[in-house]
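S.K.:
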Amino acid sequence: MSSTEESEVQFDCENAARIITLNRPKVLNALTLSMVRQIYQQMKEWMIDENAGLDMVVEFVKDQKTRFGVALEYGNIYVALEVAKEIDDKVVWEALAQAALLQGNYQIVEYSYQR
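Residue numbers (UniProt numbering): 1 to 115.
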C-alpha cells in the first residue's frame with residue numbers, strides 16, 4: 001500500500017493492548033473530525049467485542065458526565081458508581097439507580113436513592 005493510500009488513523013491489537021496510530025506527519029498528526037469519528041467508532045467496536053476497552057475510554061474521556069454515560073452504556077455499573085460519586089448530581093444518581101435495578105444490583109440502587 002502506498003503512503004497516499006494509507007489511512008490517517010490506523011488501528012491494531014497487540015495482546016490486550018489496543019493501539020491507535022495517527023498517520024498525518026505533514027500536519028503534526030492534527031486530528032480532523034473524520035479521524036475523531038473513526039477513533040470513536042473503533043473504540044466502541046473494541047468495547048463491544050470484549051468490553052475490555054472501557055477502562056481505556058474512561059481514562060481517555062475527561063468530561064465526567066460523558067464518562068458516566070459511557071460506563072452506563074456498556075453496563076459497567078461500578079465505574080458508573082465511582083463517577084457518580086464525583087459528579088454528585090440528583091439526575092445522575094437516578095440514572096445510576098435505574099441501571100443498577102436493571103442489573104439486579106440492589107445495593108447500588110439503595111445507595112443511589114439515598115444520595
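Glycine included, every Cβ here is placed at the ideal spot set by N, Cα and C. These figures come from a predicted structure and were not determined experimentally.
Within 10 angstroms of its Cβ, does LEU33 collect 16 or more other Cβ (buried), or is it exposed?
M.R.: exposed
S.K.: Hey, ASN105 and ILE87: beta-carbon distance below 8 Å or not?
M.R.: no
S.K.: List the endpoints of the continuous beta strand (DSSP E) containing ALA95.
M.R.: Careful: ALA95 lies outside any beta strand (DSSP E), inside the alpha helix (DSSP H) at 90-103.
S.K.: How close, in whole Å, do the beta carbons of GLU8 and ASN23 come, if the pair is a contact with beta carbons under 8 Å?
M.R.: Indeed they touch by this definition, with Cβ atoms about 5 Å apart.
S.K.: Under 8 Å, do GLN42 and PHE11 count as touching if we go by C-beta distance?
M.R.: The Cβ atoms of GLN42 and PHE11 lie closer than 8 Å to each other.
S.K.: Taking the straight line between their C-alpha atoms, what separation do you get for LYS85 and ARG18?
M.R.: 29 Å
S.K.: For GLN64, I'd like the list of residues in its chain whose CB is within less than 7 Å of its CB, leaving aside the five on either flank, ordered along the chain.
M.R.: VAL83, GLU86 and ILE87
S.K.: Mapping DSSP to helix, strand and coil, what is SER2?
M.R.: Reliability of the predicted coordinates at SER2 is poor, the pLDDT of 39 falling under 50, and the value obtained from them is presented with this limitation in mind. Here SER2 sits in coil by DSSP.
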